[in-house]
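> Quick note: the sequence shown, position 26, residue 26 per the UniProt record's numbering, numbers continuous.
Here a beta-carbon is modelled for each residue, glycine too, at the ideal position from N, C-alpha and C.
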Amino acid sequence: MKIVHVVEPFASGIAVFVKTLVETMSEDVHIIIHGERAEVTPFIQVKQQFRQSNVRFIRWRSAQRSISFQKDSAAFFELYTILRRLKRKNLVDAVHLHSSKSGFIGRAVCNVLNIKNVIYTPNGAPFLVGTSGLSNFIYKQLEKFGDLLGGRVVCSSESEMDAYKKLGINASFVNNGIETAAFTTRKPANSTKLPGQFRIVTSGRIIDQKHPELFNQIAEYFRDFTQFEFIWIGDGPDKQLLYNKNISITGWLSHETVHDIVVSADLYLSTARFEGLPFAVIEALALKKPVLLTDCVGNRDLVKNGLNGNLYNTSDEAIIKILQYYNNNDMLEIMGNHSASYCDEDFNMHTSYIQYKCYYKSPISGIVQ
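Here's what the structure looks like:
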């Protein structure tokens with residue numbers, strides 16, 4: 001099959017998602033039409049992660065994050081030109097749209113070009129993004145209108161699917177997945193953690209969606225306890241909000257180095273306001289880490305009955321759980337083993353992403369969950 005991916009932004013978790021689809025369906029041809037967010041990850045660095053011979057890249061130069069009638073119109077006509085050319089060359093069996101901007105513009109273009117086999121994966125419901133009720137209302141209306149243009153909404157987690165169904169949009173879901181064997185067989189690197197130190201880590205871009213203020217607030221309680229260490233792996237425009245002395249910000253690191261730090265940690269902490277289904281947390285599960293996650297869309301799919309961690313709603317709840325983990329250190333290994341088992345069962349790309357193959361082949365009667 002010839003699968004066309006339309007991606008804006010082509011960075012972070014979405015890049016991992018597309019890369020995993022390409023690896024899982026190695027016998028198919030993947031054409032990636034992409035924007036670029038150089039301030040997050042330059043395209044050249046993203047491209048280096050795609051080592052397969054079955055992938056081609058086409059730059060979508062006018063695609064950008066913010067809503068702008070003029071710029072979005074330019075992005076529409078550019079994408080129209082690209083997809084029309086590919087369709088004429090018989091290079092479009094299915095179109096997979098990734099994230100809300102690609103989803104809206106892409107469905108409009110496919111509607112005009114009469115391309116029927118279209119899948120839209122939000123990777124984080126946009127109507128949960130807004131910092132005000134008005135912005136969320138606008139995003140909801142845009143999602144409803146986009147749904148009228150055609151295509152199938154396939155979310156990356158069950159809780160994200162539920163959010164769309166509450167909006168009146170018919171949706172299904174396929175869990176994000178990773179190559180779990182590559183993590184479970186991984187040997188720990190030499191750790192810089194001091195004896196008796198309790199290391200708490202998170203990973204991702206330091207932006208409002210990840211709620212760095214909450215991370216800082218939790219760390220503040222422990223600032224006079226030298227045995228507690230907080231590490232934020234990543235960088236971003238809101239890093240000034242992580243000002244407590246017991247927080248270290250690493251900046252962007254290689255995947256291997258990120259995994260080394262997570263392996264050395266006692267606990268993976270997420271303070272996100274919402275997620276699609278975060279790869280950083282899935283990888284932490286595979287690396288046998290207990291997880292403490294905000295009770296939000298995307299996160300709540302990754303905690304199983306408290307066996308591998310817990311959900312929380314306030315900083316006080318998180319602090320109490322951290323103290324419980326610290327005072328019951330033996331249970332962390334048990335919870336970590338549950339994490340790895342749960343990850344292999346539910347977030348293994350070889351069993352999860354094969355469902356996309358069914359959607360690509362059968363857009364009308366595909367899998368309904």
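When the Cα atoms are used, what is the spatial distance from SER100 to PHE222?
What you label residue 100 is simply residue 100 of the sequence shown in a count that begins at 1. What you label residue 222 is simply residue 222 of the sequence shown in a count that begins at 1. Computed Cα separation, rounded: 38 angstroms.
> Counting beta carbon pairs with one atom in the stretch 210-221 and one in the stretch 315-332, are three or more of them shorter than 8 angstroms?
Because the criterion of three Cβ pairs below 8 angstroms is met, the stretch 315-332 and the stretch 210-221 touch.
> At what residue ranges does the stretch 19-98 contain a whole run of the alpha helix (DSSP H), taking only runs of 4 or more?
The qualifying runs are 43-47 and 69-88.
> I need the straight-line Cα distance from PRO237 to SER248, nearest angstrom please.
Here residue 237 corresponds to residue number 237 of the sequence shown, with the count starting at 1. Here residue 248 corresponds to residue number 248 of the sequence shown, with the count starting at 1. About 16 angstroms.
> If contact is defined by three or more beta carbon pairs under 8 angstroms, each pair taking one atom from either stretch, is the stretch 59-71 in contact with the stretch 12-28?
As far as the Cβ criterion goes, the stretch 12-28 does not touch the stretch 59-71, which means the pair count is below three.
> Whole alpha helix (DSSP H) runs in the stretch 283-359 with 4 or more residues, listed along the chain?
DSSP runs (the alpha helix (DSSP H)) wholly in the stretch 283-359: 315-327, 330-346 and 349-352.
> Name the two residues that bound the continuous beta strand (DSSP E) containing LEU148.
Position 148 of the sequence shown, counting from 1, holds the residue named residue 148. Where LEU148 is concerned, there is no enclosing beta strand (DSSP E), although the alpha helix (DSSP H) it sits in stretches over 133-148.
> Roughly how many angstroms separate the alpha carbons of GLY13 and GLY124, rounded to a whole number?
Residue numbering aside, residue 13 sits at position 13 when the sequence shown is read from its first letter. Residue numbering aside, residue 124 sits at position 124 when the sequence shown is read from its first letter. Taking the straight line from one Cα to the other gives about 10 angstroms.
> When you compare only the Cα positions, how much space is there between SER203 and ARG88?
The sequence position of residue 203 within the sequence shown is 203, counting from 1. The sequence position of residue 88 within the sequence shown is 88, counting from 1. Going from the Cα of SER203 to the Cα of ARG88 covers about 43 angstroms.
> With respect to the alpha helix (DSSP H) encompassing LEU214, which residues constitute its N-terminal and C-terminal limits?
Numbered from 1 along the sequence shown, position 214 holds the residue referred to as residue 214. 212-221 is the extent of the alpha helix (DSSP H) around LEU214.
> Assuming residue 375 and PRO278 are in contact, meaning their beta carbons sit under 8 angstroms apart, how far apart are those beta carbons, in whole angstroms?
No answer is possible for residue 375: it lies beyond the span of the chain, which begins at 1 and ends at 369.
> My output table needs one value for PHE198: the three-state DSSP class, helix, strand or coil.
The count along the sequence shown starts at 1 and reaches residue 198 at position 198. Residue state, collapsed to three classes: strand.
> Going by beta-carbon coordinates alone, are SER157 and THR121 separated by less than 8 angstroms?
As a first step, residue 157 must be located in the sequence shown, where it is residue number 157. As a first step, residue 121 must be located in the sequence shown, where it is residue number 121. Their beta carbons are not under 8 angstroms apart, which means SER157 does not touch THR121 by this criterion.
> Check this for me: beta carbons of GLY35 and GLN64, under 8 angstroms apart or not?
As a working mapping, residue 35 is identified with position 35 in the sequence shown. As a working mapping, residue 64 is identified with position 64 in the sequence shown. Yes; because the gap between Cβ atoms is below 8 angstroms, this pair is in contact.
> Drop a sphere of 10 angstroms on the beta-carbon of CYS358, count the other beta-carbons inside from all chains shown, and report buried for 16 or more, exposed for fewer.
Taking the first residue of the sequence shown as 1, we reach residue 358 at position 358. Exposed: under 16 other Cβ atoms inside 10 Å.
> Whose C-beta lies closer than 7 angstroms to the C-beta of ILE319 among residues of the same chain, with five residues either side of it excluded?
Indexing the sequence shown from 1 puts residue 319 at position 319. Hits under 7 angstroms: ILE218 and TYR221.
> State yes or no: is the C-beta of LEU86 within less than 8 angstroms of the C-beta of VAL154?
Taking the sequence shown and counting its residues from 1, the one referred to as residue 86 is at position 86. Taking the sequence shown and counting its residues from 1, the one referred to as residue 154 is at position 154. Not in contact: LEU86 and VAL154 (Cβ atoms no closer than 8 angstroms).
> According to DSSP, simplified to helix, strand and coil, what is VAL7?
Start at 1 with the first residue of the sequence shown, and residue 7 comes out as number 7. Three-state DSSP puts VAL7 in a strand.
> When every heavy atom of the ligand PLP is checked, does at least one fall within less than 7 angstroms of the C-beta of PHE274?
The ligand PLP is not among the ligands present in this structure, which contains no ligands whatsoever.
> Let me confirm a value: ILE32 is counted as buried when at least 16 other C-beta atoms fall within 10 Å, else exposed. Which label applies?
The count along the sequence shown starts at 1 and reaches residue 32 at position 32. Looking at its Cβ environment, which holds 16 or more other Cβ atoms inside 10 Å, ILE32 is buried.
> Note the first and the last residue of the continuous beta strand (DSSP E) segment covering THR257.
On the sequence shown, position 257 is the one that residue 257 refers to. Here THR257 belongs to no beta strand (DSSP E); instead the alpha helix (DSSP H) covers 255-264.
> Below 7 angstroms CB to CB, which residues in the same chain sit around HIS350 once its five sequence neighbours on both sides are set aside?
Counting from one through the sequence shown, the residue named residue 350 turns up at place 350. Cβ neighbours of HIS350 beyond the five flanking positions: THR24.
> Let's see if you can read the secondary structure: which residues bound the beta strand (DSSP E) around GLU179?
Here residue 179 refers to the residue found at position 179 when the sequence shown is read from its first residue. Element bounds for GLU179: n/a, residue is neither H nor E.
> So, residue 400 versus LEU113, is the Cβ gap smaller than 8 angstroms?
Here the chain has residues from 1 to 369 only, and residue 400 is not among them.
> Would you say the stretch 163-182 touches the stretch 262-272, given that touching needs at least three Cβ pairs under 8 angstroms?
Contact fails: fewer than three Cβ-Cβ distances are below 8 angstroms.
> Provide the residue(s) that pair with SER203 in DSSP beta bridges, ordered along the chain.
As a position in the sequence shown, residue 203 is number 203, starting the count at 1. In DSSP, SER203 forms a bridge with ILE233.
> Any idea which residues DSSP pairs VAL153 with across the strands?
Here residue 153 refers to the residue found at position 153 when the sequence shown is read from its first residue. VAL153 pairs with TYR120 and ALA171.
> In angstroms with no decimal places, state the Cα-to-Cα distance between PHE104 and THR294.
Walking along the sequence shown from the start, residue 104 turns up at place 104. Walking along the sequence shown from the start, residue 294 turns up at place 294. Cα to Cα, PHE104 sits roughly 29 angstroms from THR294.
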